[in-house]
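Student: A single structure is presented below for examination.
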């Protein structure tokens with residue numbers, strides 16, 4: 133398929149290339165484009181007020197205020213005095229300076245994907261966005277519905293965004309998009325992350341110290357990293373070694389029957405137990421058996437590794453095992469008869485293929501660990517970090533974007549809870565984390581004021597208070613002023629916590645569910661959070677507030693709610709979280725070191741020549757304008773792309789980002805972001821990103837669902853429930869049968 137040519141108004145760009153007649157007809161269709169649109173729609177699924185939303189919203193607001201508004205005023209003044217061709221040229225240019233509106237189109241990438249596809253399928257041009265941020269399946273559907281936009285197309289003139297605006301390895305996925313020829317630029321890596329090996333230091337100290345006490349020699353790097361020879365974390369080890377966790381170590385003689393000479397020559401534990409995937413999985417499969425409680429899978433709730441996204445990490449491992457060859461992968465990249473890219477899913481069905489054989493080896497390795505109790509598969513709304521922070525899981529392979537979920541600061545220990553009989557709008561488990569749990573305190577500067585402490589502390593005001601000089605605060609409306617008294621009654625009370633749930637349609641089922649659980653929660657009322665009040669970047673977020681009906685002094689579970697209240701020694705603290713790269717090699721014979729490249733990309737959706745050019749103009753501001761701008765505290769000299777990266781805790785891999793210093797501050801605060809930065813600038817690492825097909829998401833979800841259900845059944849019911857790889861492959865084949 134040839135590159136998409138985008139038509140421009142006569143005179144809009146000097147020297148615009150001519151385009152094919154069929155595309156002219158499509159572009160002029162009266163019902164394909166929303167020609168009356170006054171603002172570009174940038175559709176995302178980020179929650180208002182959260183980091184990712186703030187990152188995109190901040191750049192949009194600055195673009196609207198500093199580029200579009202003054203330029204439109206300038207052009208309108210010129211148009212008023214212009215005539216003929218000059219006036220037409222100015223009007224065409226004016227049409228490409230459009231303000232951008234950020235719009236939430238659902239909760240989660242899946243919901244956003246469904247919304248975009250539905251709008252294309254039903255030709256709902258009023259709701260179809262100009263730009264969106266999502267995963268591979270979305271751009272594949274955009275291609276499928278004939279709405280792809282190649283932002284590098286020469287019809288954009290000087291505004292064309294070539295691939296070299298990014299580091300090469302991050303845009304190679306453009307050559308892995310079903311239905312397009314290689315060489316285009318449809319998928320922009322705007323928010324990239326990877327999978328990090330987050331390790332519970334005290335748990336692995338317990339493992340290595342137990343082995344050392346049994347006469348094994350532990351590699352010096354492991355001894356140092358996990359403080360094996362110090363008294364650090366020893367309070368945590370008391371908890372980890374109790375009967376509710378791993379239990380006491382078994383006898384030295386019994387350990388030697390597991391850690392045999394054949395497997396660990398000269399009783400040495402090398403550093404490769406954390407750097408080679410096969411070696412690591414075999415190690416934890418043995419290590420889980422050296423403690424009294426964890427060795428009995430049917431009586432144990434702990435593990436040494438949790439995996440949230442099996443497809444991501446295991447396919448990255450396969451990429452190393454298969455030498456980094458896309459054609460040999462389960463999702464293989466080939467060329468169709470017309471020369472366009474095609475993604476094939478047939479490898480999982482061919483018992484003689486390299487893909488089938490390699491996947492079987494990895495599957496069996498993982499299931500051995502699951503059967504021993506060493507590994508748990510999460511997903512479907514459940515996250516391993518929740519168990520890792522409570523010393524129930526020793527490590528996880530999790531996204532760099534989830535850093536703060538992997539530890540609990542001693543000064544910020546708060547309960548979290550799960551609603552056992554309530555699901556989210558898209559059917560996932562409801563887990564309310566510490567970011568939505570807060571306390572009520574007196575303001576440090578003025579004790580008469582009430583401060584609501586969540587991630588940050590903001591003061592509380594009723595509807596009658598003049599807040600014109602306030603920047604960040606909560607305020608009730610007249611109908612909810614009674615909440616002020618209710619919150620003041622909780623001020624300074626020990627073990628009394630409040631909860632806020634954003635009052636949006638996606639959270640309707642959560643709010644309705646909590647309203648019914650009056651034994652556990654008391655609805656207090658509604659408040660609006662104001663941010664940057666009185667500035668052009670003003671934003672408002674509405675919340676429903678609850679308190680726990682009773683003081684929370686200990687964890688508890690009933691028929692409806694499971695509440696967890698950690699302690700300092702019973703939880704993973706920030707300085708106890710050891711951050712490492714996921715095993716880069718499959719085994720000692722692997723010649724390719726790999727890392728998973730994940731995170732959403734940005735796509736432009738065809739809505740006619742003027743709006744397409746307006747979208748690309750905005751993206752020029754984001755990606756090409758390197759002028760330092762003042763985005764506020766810690767962002768006084770950020771480029772636009774750097775502001776997105778540092779605010780959202782993602783990497784924006786623009787060309788030369790490795791030399792930039794603008795991420796130094798967020799990297800100093802976020803060990804996962806720091807690791808991702810170092811990993812993405814390491815030329816010795818080959819990045820694996822899933823190829824792009826409209827079936828990619830379906831395949832990944834089926835892979836993860838089957839791995840999770842097979843693993844859970846095996847852990848719960850033992851060996852008789854173990855399903856062979858042949859059964860797994862058959863399940864996957866049934867999913868891919870209808871892929872065309």
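Residue numbers (the numbering used here): 133 to 872.
Where a beta carbon is used, it is the ideal one built from N, C-alpha and C, also for glycine.
What you are looking at is a predicted structure, and each value in this text was computed from that prediction instead of being measured.
Give the secondary structure of residue 324 by DSSP, where H, G and I count as helix, E and B as strand, and everything else as coil.
Tutor: As a working note, residue 324 is residue 192 in the chain shown. In the structure shown, residue 324 sits in a strand (DSSP, three-state: E or B).
Student: Should the region 546-562 be called in touch with the region 503-514, which here means at least 3 C-beta pairs below 8 Å?
Tutor: yes
Student: Give me the Cα-Cα distance between residue 301 and residue 725, rounded to the nearest whole angstrom.
Tutor: Working through the chain shown from its first residue, we reach residue 301 at position 169. Working through the chain shown from its first residue, we reach residue 725 at position 593. Between residue 301 and residue 725, the C-alpha separation is close to 14 Å.
Student: Give the C-beta separation of residue 310 and residue 275 to the nearest angstrom, bearing in mind that I take them to be a contact with Cβ-Cβ under 8 Å.
Tutor: Counting from 1 along the chain shown, the entry for residue 310 is found at position 178. Counting from 1 along the chain shown, the entry for residue 275 is found at position 143. Right, the Cβ-Cβ distance comes to about 7 Å (below 8 Å), so this counts as a contact.
Student: Name the residue from 330, 265, 314, 776 whose alpha carbon lies nearest to the alpha carbon of residue 358.
Tutor: On the chain shown, position 226 is the one that residue 358 refers to. Comparing Cα-Cα distances from residue 358 to each of 330, 265, 314, 776, the minimum goes to 330.
Student: With residue 190 as the anchor, note down where its alpha helix (DSSP H) starts and where it stops.
Tutor: If you number the chain shown from 1, residue 190 lands on position 58. Segment 183-195, the alpha helix (DSSP H) holding residue 190.
Student: Assuming residue 476 and residue 485 form a contact by the criterion Cβ under 8 Å, report the distance between their Cβ atoms to the nearest whole angstrom.
Tutor: Taking the first residue of the chain shown as 1, we reach residue 476 at position 344. Taking the first residue of the chain shown as 1, we reach residue 485 at position 353. The pair is not a contact, with the Cβ atoms about 10 Å apart (cut-off 8 Å).
Student: When the distance is taken between beta carbons, is residue 480 closer than 7 Å to residue 861?
Tutor: In the chain shown, residue 861 corresponds to position 729, counting from 1. In the chain shown, residue 480 corresponds to position 348, counting from 1. Against a cut-off of 7 Å, the Cβ pair of residue 480 and residue 861 comes out as a contact.
Student: Please classify residue 698 as buried or exposed, where buried requires at least 16 other C-beta atoms within 10 Å of its C-beta.
Tutor: Along the chain shown, one-based indexing puts residue 698 at 566. Per the 10 Å Cβ criterion, buried.
Student: Measure the beta-carbon distance from residue 608 to residue 659 and round it to whole angstroms, keeping in mind my assumption that it falls under 8 Å.
Tutor: Numbered from 1 along the chain shown, position 476 holds the residue referred to as residue 608. Numbered from 1 along the chain shown, position 527 holds the residue referred to as residue 659. Yes, they are in contact, since the Cβ atoms of residue 608 and residue 659 sit about 6 Å apart, within 8 Å.
Student: Express the C-alpha separation of residue 498 and residue 875 in angstroms, rounding to a whole number.
Tutor: Given a span of 133 to 872 for the chain in the structure shown, any question on residue 875 remains unanswerable.
Student: For the putative contact between residue 735 and residue 241, defined by C-beta atoms under 8 Å, what is the C-beta separation to the nearest angstrom?
Tutor: The residue given as residue 735 occupies position 603 in the chain shown. The residue given as residue 241 occupies position 109 in the chain shown. The Cβ separation is near 12 Å, so there is no contact.
Student: Specify, as a first and last residue, the run of the alpha helix (DSSP H) that residue 232 falls within.
Tutor: For the purposes of this step, residue 232 is taken as residue 100 along the chain shown, with counting starting at 1. Unbroken run through residue 232 is the beta strand (DSSP E), 232-236; no alpha helix (DSSP H).
Student: Assuming residue 190 and residue 669 are in contact, meaning their beta carbons sit under 8 Å apart, how far apart are those beta carbons, in whole angstroms?
Tutor: Your numbering for residue 190 matches position 58 in the chain shown. Your numbering for residue 669 matches position 537 in the chain shown. That belief holds up - the Cβ atoms of residue 190 and residue 669 are roughly 7 Å apart, short of 8 Å.
Student: Fully enclosed by the region 307-394, which alpha helix (DSSP H) runs are 4 residues long or longer?
Tutor: Runs of the alpha helix (DSSP H) inside the region 307-394: 333-345, 352-357, 366-372, 384-390.
Student: Looking only at C-alpha atoms, which of 410, 729, 312 sits nearest to residue 471?
Tutor: Numbered from its first residue, the chain shown carries residue 471 at position 339. Nearest option by C-alpha distance: 312.
Student: Tell me the DSSP secondary structure of residue 854 in three-state form.
Tutor: Here residue 854 is taken as the residue at index 722 of the chain shown, counted from 1. Reduced to three states, the DSSP call for residue 854 is coil.
Student: I'd like to know if the region 247-265 and the region 734-748 are in contact, where contact means that at least 3 CB-CB pairs between them fall below 8 Å.
Tutor: Touching, per the Cβ criterion.
Student: Reducing DSSP to helix, strand and coil, say where residue 157 ends up.
Tutor: On the chain shown, residue 157 is found 25 positions in, with the first residue counted as 1. Low confidence applies to residue 157: its pLDDT is 33, below 50, so where it sits in the model is not reliable, and the reading given next is rough at best. Three-state DSSP puts residue 157 in a helix.
Student: Just to confirm before moving on: does the CB-CB distance between residue 606 and residue 590 stay below 7 Å?
Tutor: Stepping through the chain shown from its first residue, residue 606 is reached at position 474. Stepping through the chain shown from its first residue, residue 590 is reached at position 458. Contact: yes.
Student: Straight-line CA distance for residue 298 to residue 217?
Tutor: Along the chain shown, read from residue 1 onward, the residue named residue 298 stands at position 166. Along the chain shown, read from residue 1 onward, the residue named residue 217 stands at position 85. Distance between the alpha carbons of residue 298 and residue 217 is about 38 Å.
Student: Kindly indicate which three-state DSSP category residue 677 falls into: helix, strand or coil?
Tutor: Along the chain shown, one-based indexing puts residue 677 at 545. In the structure shown, residue 677 sits in a strand (DSSP, three-state: E or B).
Student: Please report the distance separating the alpha-carbon of residue 554 from that of residue 396.
Tutor: In the chain shown, the residue the question calls residue 554 occupies position 422. In the chain shown, the residue the question calls residue 396 occupies position 264. Each residue's alpha carbon lies about 48 Å from the other.
Student: Would residue 692 and residue 649 qualify as a contact pair, given that the criterion is a beta-carbon distance under 7 Å?
Tutor: For this step, residue 692 is matched to residue 560 along the chain shown. For this step, residue 649 is matched to residue 517 along the chain shown. Going by C-beta atoms, residue 692 is nearer than 7 Å to residue 649.
Student: Where are the beta strand (DSSP E) runs, 3 residues long or more, that stay fully inside the region 721-809, in chain order?
Tutor: Correct list: 726-728, 733-736.
Student: Measuring CA to CA, which of 417, 304, 269 is closest to residue 339?
Tutor: Residue mapping note: residue 339 aligns to position 207 of the chain shown, counting from 1. Checked all of 417, 304, 269; the closest Cα to residue 339 is 417.
Student: May I have the straight-line CA-CA distance separating residue 211 from residue 224, to the nearest angstrom?
Tutor: The sequence position of residue 211 within the chain shown is 79, counting from 1. The sequence position of residue 224 within the chain shown is 92, counting from 1. So the two alpha carbons sit approximately 11 Å from each other.
Student: Quick one: grab the DSSP three-state call for residue 659.
Tutor: Along the chain shown, read from residue 1 onward, the residue named residue 659 stands at position 527. Reduced to three states, the DSSP call for residue 659 is strand.
Student: Name the residue from 449, 592, 398, 526 whose alpha carbon lies nearest to the alpha carbon of residue 407.
Tutor: As a working note, residue 407 is residue 275 in the chain shown. If we check each option's Cα against that of residue 407, 449 comes out closest.
Student: Can residue 587 and residue 567 be called in contact, C-beta distance under 7 Å?
Tutor: By 1-based counting over the chain shown, the position of residue 587 is 455. By 1-based counting over the chain shown, the position of residue 567 is 435. In contact: residue 587 and residue 567 (Cβ atoms closer than 7 Å).
Student: Please find out if some non-hydrogen atom of the ligand MG comes closer than 6 Å to the beta-carbon of residue 226.
Tutor: Judged by which ligands are present, the structure shown has none, so any question about the ligand MG falls away.
Student: Three-state secondary structure (DSSP) at residue 145?
Tutor: If you number the chain shown from 1, residue 145 lands on position 13. Only weak support exists for where residue 145 lies, its pLDDT of 33 falling under 50; the value from the coordinates is given anyway. In this structure, residue 145 counts as coil in the three-state DSSP scheme.
Student: Sorted by chain position, which residues of the same chain lie with C-beta nearer than 6 Å to residue 639's C-beta, five sequence neighbours on each side aside?
Tutor: By 1-based counting over the chain shown, the position of residue 639 is 507. Correct list, in chain order: 633.
Student: Going by C-alpha distance, which of 652, 610, 708 is nearest residue 550?
Tutor: Here residue 550 refers to the residue found at position 418 when the chain shown is read from its first residue. That would be 652, whose Cα lies nearest to the Cα of residue 550.
Student: Shortest alpha-carbon distance to residue 366 belongs to which of 864, 341, 436, 585?
Tutor: Indexing the chain shown from 1 puts residue 366 at position 234. For the residues 864, 341, 436, 585, the minimum Cα distance to residue 366 belongs to 341.
Student: Is the beta carbon of residue 369 less than 7 Å from the beta carbon of residue 747?
Tutor: As a working note, residue 369 is residue 237 in the chain shown. As a working note, residue 747 is residue 615 in the chain shown. No, they are not a contact pair.
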